[in-house]
Amino acid sequence: MALINKLQRARDVVRRQLGRWLFDRTRERPADEDKSKVVLLRWDAKLGDSIVSSWVAREIHKAQPEREVWVVTTSGMAPLFRDYFGVDRVIEIAKRPSYGELKQLAHRLGRVSYLVHLSKLLKMKDIYFLNQVDACHVAGIDDALTCIDIKLGARTAGRHFADKFAELLLAMGITSPDTRYIIPARPEWDVALAQWWPADQAVIAFNPYGNGRARRLRPASIIAMLNIMLARGAQSICLLFPPGLAQEAMACKASVTDPSRLLLSPESPSLGGLFTQIRHSVGLVSVDTATVHIAAGLSVPVLGLYNPDLGGGSENFDEWHPNQPDATVLFSTASEMQDINSLDMQAFEHSFTTWVASSVNPPH
Numbered sequence: 560m561a562l563i564n565k566l567q568r569a570r571d572v573v574r575r576q577l578g579r580w581l582f583d584r585t586r587e588r589p590a591d592e593d594k595s596k597v598v599l600l601r602w603d604a605k606l607g608d609s610i611v612s613s614w615v616a617r618e619i620h621k622a623q624p625e626r627e628v629w630v631v632t633t634s635g636m637a638p639l640f641r642d643y644f645g646v647d648r649v650i651e652i653a654k655r656p657s658y659g660e661l662k663q664l665a666h667r668l669g670r671v672s673y674l675v676h677l678s679k680l681l682k683m684k685d686i687y688f689l690n691q692v693d694a695c696h697v698a699g700i701d702d703a704l705t706c707i708d709i710k711l712g713a714r715t716a717g718r719h720f721a722d723k724f725a726e727l728l729l730a731m732g733i734t735s736p737d738t739r740y741i742i743p744a745r746p747e748w749d750v751a752l753a754q755w756w757p758a759d760q761a762v763i764a765f766n767p768y769g770n771g772r773a774r775r776l777r778p779a780s781i782i783a784m785l786n787i788m789l790a791r792g793a794q795s796i797c798l799l800f801p802p803g804l805a806q807e808a809m810a811c812k813a814s815v816t817d818p819s820r821l822l823l824s825p826e827s828p829s830l831g832g833l834f835t836q837i838r839h840s841v842g843l844v845s846v847d848t849a850t851v852h853i854a855a856g857l858s859v860p861v862l863g864l865y866n867p868d869l870g871g872g873s874e875n876f877d878e879w880h881p882n883q884p885d886a887t888v889l890f891s892t893a894s895e896m897q898d899i900n901s902l903d904m905q906a907f908e909h910s911f912t913t914w915v916a917s918s919v920n921p922p923h
């Protein structure tokens, strides 16, 4: 597996170099005289990324109401942008579009005032697409590319991704934007939750399922942590789980010391259910950055569980940490490879106990 990863990285390097040679060049750009549309390329965005940028269209419309904001994203994230984040138009695209599809998309966009692609090392197809769009400005954090004239990489190094978007808006002449996230809510979601959520008991949400094996807790770790939380806190615990893991969640419930205080949603997992469960919780313990960002947007106290960056440094954490000043963070102890299951349980017990006392049940 290590050899395959190394070969894939080498292939990507060669493709990127070829893409720069073929497509990355300076070109005359039209003036932004008619204040045309802003196009955000979010085709690589997942749930957490989408939440972090949820406020951008709102703030552009507030400061420059004559502009439209378009988003290019995948079908999975399109409903969020279309129904909740206030964008004017959502264009859905396949995860791996062909060059022909990218060329058609560029033609479909027409004149663009600001084309925005905040990914670190753009691939060959990304560079090709930037070359094809009739854009007054191209903004990005891949400062090495000639085609990007609004270079935000060095300018925003070490800052949270929400701050990177704020810097983009500053380049557009928009100062002091409100960067609070938009977390969707619907009355019917609250009605469904009320059917099983305790009305007289505070609840802490716990998400042990991160994206990828390195950030997913194994059942033995989940049970051990649940027992600690049940013993050290008076609250009930809602165990969050993704599609396909209901049986594992039920097995964990059957194995804890006090299953009566462990809540499992009887509904199939959904984004609406996830947003609502966190909204009604008094705190969140999570290995997953997406749910951390949701909690941050709702001002729900967070105990975030993270792997340290391999090779030292803290670049990934600096960019995706809980974007709230009073969040508590605990890192796993693995040094050779990332594995959230290497969390020190005594350290977790201490962090959880302190966090509950200071954030979930703050002294009056």
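No gaps in the numbering here: position 37 of the sequence shown is 596 in the numbering used here, and each next residue is one more. In this text, a Cβ means the ideal position worked out from N, Cα and C, and glycines have one as well. Since this is a predicted model, take the numbers as computed values, not measurements.
A distance below 7 Å between beta-carbons, with the five flanking residues on each side excluded, links E726 to the following residues of its chain, in chain order: L711, R714 and T715.
Counting C-beta pairs with one atom in each stretch, the stretch 788 to 795 and the stretch 885 to 902 have fewer than three that are closer than 8 Å, which means they do not touch. In this structure A721 touches V611 by the C-beta definition: roughly 5 Å separates them, less than 8 Å. At the C-beta level, I686 and D583 come within 8 Å of one another. In terms of Cβ geometry, F688 and A665 form a close pair [threshold 8 Å]. The Cβ neighbour count for W602, taken over all protein chains shown within 10 Å, is at least 16; the residue is labelled buried. Within the same chain, G607, I610 and V611 come within 6 Å of H852 by CB-CB distance, once the 5 residues on both sides are set aside.
I652 is not a Cβ neighbour of V675, given a cutoff of 8 Å. Counted as a single uninterrupted DSSP element, the stretch harbouring L864 is not any alpha helix (DSSP H) but the beta strand (DSSP E) occupying residues V861 to Y865. An exposed status is given to E747, since fewer than 16 other beta-carbon atoms sit within 10 Å of its beta-carbon. For A751, the secondary structure class from DSSP, reduced to helix, strand or coil, is helix. Collapsing the DSSP output to three states places I781 in a helix. For R617, no beta strand (DSSP E) segment is defined; the enclosing uninterrupted segment is the alpha helix (DSSP H) at V615 to A622. In this structure, I742 places its C-beta atom within 8 Å of the C-beta atom of F834. Per DSSP, R626 has no beta bridge partner at all.
Selection G831, V841, G732 and L581 evaluated against R745 yields G831 as nearest (Cα-Cα).
Out of S873, V915, R820 and N875, the CA that lies nearest to the CA of V844 is found in V915. Under DSSP, Y768 shares a beta bridge with R775. Contact annotation: K812 and L823 have beta-carbon atoms nearer than 8 Å.
In this structure, the alpha-carbon of A764 lies about 45 Å from that of R670. By the criterion of a C-beta distance shorter than 7 Å, S840 is surrounded in its chain by V762, I763, A764, C797 and V859, once the five residues flanking it on both sides are discounted. C-alpha of G732 to C-alpha of Y673: approximately 12 Å in a straight line.
In the displayed model, C706 falls within coil according to three-state DSSP, outside both helix and strand. Scanning the stretch 700 to 744 for uninterrupted alpha helix (DSSP H) segments of 4 residues or longer gives 720 to 730, listed from N- to C-terminal end. Inter-residue distance for L785 and K594 is about 53 Å (C-alpha atoms, whole angstroms). At the C-beta level, K682 and I700 stay beyond 8 Å of one another.
For I796, the secondary structure class from DSSP, reduced to helix, strand or coil, is strand. Out of A616, M904, D868 and G872, the CA that lies nearest to the CA of D737 is found in A616. Excluding five sequence positions before and after I837, the CB atoms of its chain that fall closer than 7 Å to its own CB belong to A764, L843, T850, I853, A854, L857 and V859, given in chain order.
Within its own chain, the residues whose Cβ lies closer than 6 Å to the Cβ of A893, once the five positions on either side in sequence are excluded, are S901, listed in chain order.
Residue pairing for V598: DSSP places it in a beta bridge opposite W629 and L674. Taking the Cα positions, D877 is about 21 Å away from A703. In this structure Y768 is not in contact with R777, their Cβ atoms being roughly 11 Å apart against a cut-off of 8 Å.
The three-state reading of DSSP puts F644 in coil, since its state is none of H, G, I, E or B.
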